[in-house]
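Residue numbers for the sequence shown follow numbering that gives the first Met the number 0, beginning at 0 and rising by one. Positions of the beta carbon are idealized from the N, C-alpha and C atoms, including for glycine. Heads up, the thing below is written out as structure tokens.
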Amino acid sequence: MKDLRLWTRLAVAGAILALVAGGAFAQSLNTGSIFGTVTDADGAPLPGVQITVSGVGADKVQMTNAQGVFRFLGLDPADYTVKAELSGFGTAEYPGVTVNAGRNTAIELALTPAVEETITVTSESPLLDERKLVQGTTVNQTELEKIPTARDPWALLSQTPGVLVDRTNVGGSESGQQSIFRAQGVSSNENDFMIDGVTITDMRAIGASSTYYDFDQFTEMSFSTGGTDVTKNSAGVQVNLVTKRGNNEFRGSARFYNTKAIGYFGGVLDQADIDVAGDLGDGQIFRANCSPGTTGVYCGTKTVEVQDIGFEAGGAVVRDRLWLWGSFGENDIDSLAASGDRDDTVLENTSLKVNAQINQANSFVASWNNGDKIKAGRGAGPDRAPETLWDQRGPSAIYKAEDTHVFSSNFFLTGTYSYGDFGFALISRTVPGFENGLSPGAPRSFYNSDAVWTQNFLSGYASAPNDELKIDGSYFFNTGNASHELKVGGRYRNYESFSDFAWGPENVFDVFWGVSIAQRGVEGPTTMEYFSLWAQDTITVGKATINVGLRFDDQEGTNEAVSVPAQPFFPTTMPAVSIDQAYSDFSWDSILPRIGVTYAFGQDRDTLLRASFSQFADQLSVGLSAWTAVTGEVYGYFAGGVESGFYAAAGFDPLNPNRSPNTVDPGLDAPVTTELIAQIEHSILPELVVGATVTIRNITDILDSRENVRAAGGGLRPATRADYVLNRTVNGNLASNFGGIPYGALGYRIPCYDSFDPTPGCYAGGSYLSNGARERNYEGVSVNFTKRLSNRWMARGFYSTGESEWDVPAEWAALNSPTVFRGGGQRDGQIYLERSTGSGKGERFLQSTWTANLNGMYQVAPDRPWGFNISGSMQAREGHPIPFYDNVGGGIGNVDVFNGNTPLDRFRLDDVITFDLRLEKEFALSSAVNFTFGIDAFNITNEQTALSVQTRTDSGTAGYLQDNVAPRIYRLGVRLGWK
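Dropping the structure here:
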């Protein structure tokens, strides 16, 4: 059946492409384009002009059409030279035309009659793009090499307006683990990762990347957050990484970077000392060198050493026909967590790419990217004892084949197939005497009253093979004075997920209030299918450009047949389960419009005014698809650690252990983000653009899970507010110095409600999933500028401000518990928070009403032998909120200590502002070989701002600092380049 659905969808996609009588390869996310016009001295268009584009790969040749227009699509990011030739006219040449991935570069050429010499255009190619479809930031190769960064893609996300990132990476201190990040008003689940146009988003940890990367394998990175491009599937941040390729001339580079705590030049460049005294909680002690696992003692987050080595090189196997490129990189990151535990990571990456020009009309690309992560001490932090830390291994491979055919100047087509083999293992170390946390006889994990996990932890592995087929095309035509680019395409992605994790050999963990919590066993395999079709017409009339697009998405998840053994310690309550037939409760179909208008003002078209309307559907995750899977996350709660003490269930029905108590509204739809954008951009110089953007977003059909209760006839029904009764009232006080902020002895009194009779067997243990009545609204403004490298300097920066709030109607409140849980969303007007646990970094809640970034480089006396480059970067954001909560037992959960009557951002951590600086000197060893030596200083003002604190008020470690910005540190690096 699945194969039939696939071929049916591909047939539909092919039929749509066939209806476009002559499709053309559309500009993709990993390539750009050059559009241009050729005129005579009087401004009249010249048809039949031969246009040659040279720079990367074989030269490309076209003739201008009747309107004097030419276009080159599918160009790899680089600088090109455009030459125009026509008999009876002089030749015009435009060097240094910059092409970026996902962008259009427009130029104009004028030919003079009977002039024999070549006229060279000396002006910069323009940064303004009248045909731009996306909002976001593009970081080119010059910036990747010259601006001081931690050298991983997540460290660059803060350079994009509206993007919030959960951690601050000081010189590589956080490069061993992915960051959690989100776009305006939406969650991190909507993020999307692509490498060379291939989707590699992890649909289990949805919104994350399935692998890690070698920084030097990329020629460009782009981060898009919205806009009208119909190929963008969700409202989150789309991270697109473009790898390098071989060219006609053999070129490459090798590098060695080293960042050390005990630094260089006799200690002059040592890492700064930890200084966090003002951020410690009441009773918390700081020690520069402390023993791991000591409660109440804070060591501080700091780097031990980061060593980054590697090379990349490529060239022509057959000139103008066949090119080969490859790279290898190893990033060894050793650090100390705030608990004093070592957290050591090795990232190994290998890449190969083959480009072939089969003939003038056909080109082919094949690539392989392999990333492996070897980590010792994942999860290190104040809430994990040393024996609970994970050792991780996670090789991931990506294969791609792509063919592009040029039928005519108006007729291109491309098809791409990719396969990804993703997986990882996380194994707890447990106490001495056992090989690992799954060894027979290994102790149970224990969660103590200080909110610290001890003795053991969850262990297991996951795998996710997946493949993707994608087709893109465009058709260029004219209707009267209007020119059209009709872009069509489609994709099919099949993603299979399987994981097997357990809480030790018994699959049970204990908590300090005398309860044992048992998991039944393995999660069953899930197959996800994503099918999309899109069409978009870009219409140009005079100074106006209009984009009209439509996107269709079909997302489905199937729970495959599986057998799961009984819970080994509580087999009666949680017996074996066998699912003999695959089933699916989810099929999301969405039709989404994208409309935009751009108008160019001025004789030189140097001011652009844009407005757009777009809609995006949420992504369907593996976890959501397994909502009704009885083999999913299934837990039983046992007082006193004995089976007779069973009192609550999660994920299974105690009266029918082989049935899930979770239910789904048959009419469930994908949540939708509606986006309005107004933008103005002005080109002060062709290479200097300033702009301002207003973004408004509304998120509707938000998923709600309401507790299922037992109906009178024994079945299940969603609870309403009338089902809840007052269970208890919790009283307490905030610490007087909670996280270094003098709150005073603020008291709280929390009414807590419960919906079930605690008699065993009565509680249903599940939830009803539906589209709720709540909405979220985001309003934001950003100002930005970009100066491309010219006249010895470049710079880019922005300031962004905005806030997302909940819209909670009375009808929603009438159906849900009166208990106010932490995190918001239950009171109208509350700010929207996203919780990030940070893999041992403590909890943090992503919500900053402002962010800013500034970076740039200046070339000092580049023509002198002693000349050098100086560059810098500044990142700033508002401190994250501190939402206090109390962990209330008896199945109630984590509740807001202020009962929703106090704004969630009443208390915030301090603002985070860091400055980085780089000095580098380039030496020309020959005309073809150069050597670069650089010194980077990270966090030069040595800010060690608190990033997270223990916000659980009923914990013995309430108010304790859990993470800080790593102190100032230095990096030395050398790079050898040849061409």
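- Query: Contact check, Asn852 vs Ile146 under 8 Å by CB: the rounded distance?
  - Reply: Along the sequence shown, one-based indexing puts residue 852 at 853. Along the sequence shown, one-based indexing puts residue 146 at 147. Actually they are not in contact, since the Cβ atoms of Asn852 and Ile146 sit about 11 Å apart, beyond 8 Å.
- Inter-residue CB distance, Val688 and His681 (contact presumed, cutoff 8 Å): Sequence index remark: in the sequence shown, residue 688 carries index 689 (1-based). Sequence index remark: in the sequence shown, residue 681 carries index 682 (1-based). So it is a contact: roughly 7 Å between Cβ atoms.
- Query: Should the stretch 376–383 be called in touch with the stretch 357–365, which here means at least 3 C-beta pairs below 8 Å?
  - Reply: Segments in contact, no.
- Comparing alpha-carbon positions, which option in Gly89, Val316 and Thr80 lies nearest Gly95? By 1-based counting over the sequence shown, the position of residue 95 is 96. The residue with the shortest Cα to Cα distance from Gly95 is Thr80.
- Item | Range covered by the beta strand (DSSP E) that runs through Thr699 | Along the sequence shown, one-based indexing puts residue 699 at 700. That run of the beta strand (DSSP E) goes Leu687 to Thr699.
- Message: At the level of alpha carbons, what is the spacing between Gly436 and Gly206?
- Response: Taking the first residue of the sequence shown as position 1, residue 436 is located at position 437. Taking the first residue of the sequence shown as position 1, residue 206 is located at position 207. Between the alpha carbons of Gly436 and Gly206 lies a gap of roughly 29 Å.
- Item | Limits of the alpha helix (DSSP H) - the one that Val241 falls within | Here residue 241 refers to the residue found at position 242 of the sequence shown. Where Val241 is concerned, there is no enclosing alpha helix (DSSP H), although the beta strand (DSSP E) it sits in stretches over Gln237 to Thr242.
- Message: Spatial neighbours of Asp319 within its chain, please: C-beta separation below 6 Å, excluding the five flanking residues on both sides.
- Response: Taking the sequence shown and counting its residues from 1, the one referred to as residue 319 is at position 320. Contacts found: Ala57.
- Task: Compare the C-alpha of Leu85 against each of Gly878, Asn99 and Thr63 and name the closest.
- Result: Residue numbering aside, residue 85 sits at position 86 when the sequence shown is read from its first letter. If we check each option's Cα against that of Leu85, Thr63 comes out closest.
- Pick from Val629, Gly764, Leu108 and Glu778: whose alpha carbon is nearest that of Phe88? By one-based count along the sequence shown, residue 88 stands at place 89. If you compare the alpha carbons of Val629, Gly764, Leu108 and Glu778 with that of Phe88, the shortest gap goes to Leu108.
- Task: Classify Gln602 as buried or exposed, calling it buried when 16 or more other Cβ atoms lie within 10 Å of its own Cβ.
- Result: Translated into the one-based positions of the sequence shown, residue 602 becomes position 603. By the 10 Å Cβ count, Gln602 comes out exposed.
- Could you tell me the distance, in whole angstroms, from the CA atom of Gly666 to the CA atom of Pro808? Counting from 1 along the sequence shown, the entry for residue 666 is found at position 667. Counting from 1 along the sequence shown, the entry for residue 808 is found at position 809. Distance from the CA of Gly666 to the CA of Pro808, rounded to the nearest whole angstrom, comes to 21 Å.
- Query: Could you give the distance in angstroms between the alpha-carbon of Glu919 and the alpha-carbon of Thr141?
  - Reply: Here residue 919 is taken as the residue at index 920 of the sequence shown, counted from 1. Here residue 141 is taken as the residue at index 142 of the sequence shown, counted from 1. Distance between the alpha carbons of Glu919 and Thr141: 13 Å.
- How long is the line joining the alpha carbons of Asp904 and Gly958, rounded to whole angstroms? Sequence index remark: in the sequence shown, residue 904 carries index 905 (1-based). Sequence index remark: in the sequence shown, residue 958 carries index 959 (1-based). Their backbone Cα atoms lie some 16 Å apart in a straight line.
- CA-CA distance, Leu155 and Ser223? Here residue 155 corresponds to residue number 156 of the sequence shown, with the count starting at 1. Here residue 223 corresponds to residue number 224 of the sequence shown, with the count starting at 1. Near 12 Å, if we compare the C-alpha coordinates of Ser223 and Leu155.
- Considering only residues of the same chain and omitting the five flanking positions on each side of Val998, which have a CB-CB separation below 6 Å? What is shown of the chain runs 0 to 978, which leaves residue 998 out entirely.
- Query: So, is Lys59 buried or exposed, given that buried needs 16 or more other C-beta atoms within 10 angstroms?
  - Reply: Start at 1 with the first residue of the sequence shown, and residue 59 comes out as number 60. Burial call: buried.
- Can you tell which of Asn348, Ala337 and Asn361 has its C-alpha closest to the C-alpha of Ser395? One-based indexing of the sequence shown puts residue 395 at position 396. Distance from the Cα of Ser395 is smallest, within the candidate group Asn348, Ala337 and Asn361, for Asn348.
- Message: Whole angstroms are fine: how far does the CA of Thr544 sit from the CA of Asp128?
- Response: As a working note, residue 128 is residue 129 in the sequence shown. As a working note, residue 544 is residue 545 in the sequence shown. Spanning the two alpha carbons is a distance of roughly 11 Å.
- Along the chain, which unbroken stretches of the alpha helix (DSSP H) at least 4 residues long are found entirely within the stretch 170–194? none
- Task: Take Ser766 and list the residues in its own chain whose beta-carbon comes closer than 7 Å to its own, dropping the five residues that flank it on each side.
- Result: Within the sequence shown, numbered from 1, the residue matching residue 766 stands at position 767. So the list reads Asn661, Ser704, Arg705, Glu706 and Asn707, once near-sequence residues are dropped.
- Item | Simplified DSSP state of Phe433, which is helix, strand or coil | For the purposes of this step, residue 433 is identified with residue 434 of the sequence shown, where counting begins at 1. Coil.
- With contact counted as at least three CB pairs below 8 Å, one residue from each stretch, are the stretch 534–544 and the stretch 471–490 in contact? yes
- Message: Whole angstroms are fine: how far does the CA of Arg250 sit from the CA of Trp977?
- Response: In the sequence shown, the residue the question calls residue 977 occupies position 978. In the sequence shown, the residue the question calls residue 250 occupies position 251. Approximately 5 Å, taken between the alpha carbons.
- CB-CB under 6 Å to Trp849, same chain, minus the five flanking residues each way: which ones, in chain order? The sequence position of residue 849 within the sequence shown is 850, counting from 1. Hits under 6 Å: Thr800 and Glu877.
- Message: Can you list, in chain order, the residues of its chain with a C-beta nearer than 6 Å to that of Gly955? Leave out the 5 residues immediately preceding and following it.
- Response: The residue you call residue 955 lines up with position 956 of the sequence shown. Excluding residues within five positions, the ones whose Cβ falls inside 6 Å are Ser448 and Asp449.
- Item | Beta-carbon contacts of Ala812 that lie in its chain and below 8 Å, excluding the five residues immediately before and after | Here residue 812 is taken as the residue at index 813 of the sequence shown, counted from 1. Taken in chain order, the residues that qualify are Arg720 and Gln825.
- Query: If you compare alpha carbons, which of Thr597, Ala337, Ser417 and Ile698 is closest to Asp195?
  - Reply: What you label residue 195 is simply residue 196 of the sequence shown in a count that begins at 1. Looking at the Cα atoms, Ser417 is the closest of the given residues.
- Across which residues does DSSP place His681 in a beta bridge pair? By one-based count along the sequence shown, residue 681 stands at place 682. Paired residues: Thr606 and Val689.
- Task: Put Gly743 into one of helix, strand or coil per three-state DSSP.
- Result: As a first step, residue 743 must be located in the sequence shown, where it is residue number 744. With a pLDDT of only 45 at Gly743, under the threshold of 50, the placement of this residue in the model should not be trusted, and no figure is reported.
- Item | Start-to-end residues for the alpha helix (DSSP H) that takes in Lys542 | Translated into positions along the sequence shown, residue 542 becomes position 543. The continuous stretches of alpha helix (DSSP H) do not include Lys542, and DSSP gives it neither H nor E.
- How should Pro966 be labelled, buried or exposed, when 16 other C-beta atoms within 10 angstroms of its C-beta is the threshold for buried? For the purposes of this step, residue 966 is identified with residue 967 of the sequence shown, where counting begins at 1. Counting Cβ neighbours within 10 Å, Pro966 comes out buried, since at least 16 surround it.
- In DSSP terms, what Gln985 is bridged to: Any property of residue 985 remains undetermined from this structure, which presents the chain solely from 0 to 978.
- Item | Gly513 versus Leu549: straight-line alpha-carbon distance, rounded | Indexing the sequence shown from 1 puts residue 513 at position 514. Indexing the sequence shown from 1 puts residue 549 at position 550. For Gly513 and Leu549, the distance between alpha carbons rounds to 56 Å.
- Please state whether DSSP places Phe356 in a helix, a strand or coil. In the sequence shown, counting from the first residue as 1, residue 356 sits at position 357. Checking the displayed sequence, the identity of residue 356 turns out to be Gln instead of Phe. Correct three-state label for Gln356: strand.
- Within its chain, find whatever has a CB closer than 6 Å to the CB of Leu457; leave out the 5 residues flanking it on each side and keep chain order. Start at 1 with the first residue of the sequence shown, and residue 457 comes out as number 458. Excluding sequence neighbours, Leu457 sits near Phe500 and Trp502.
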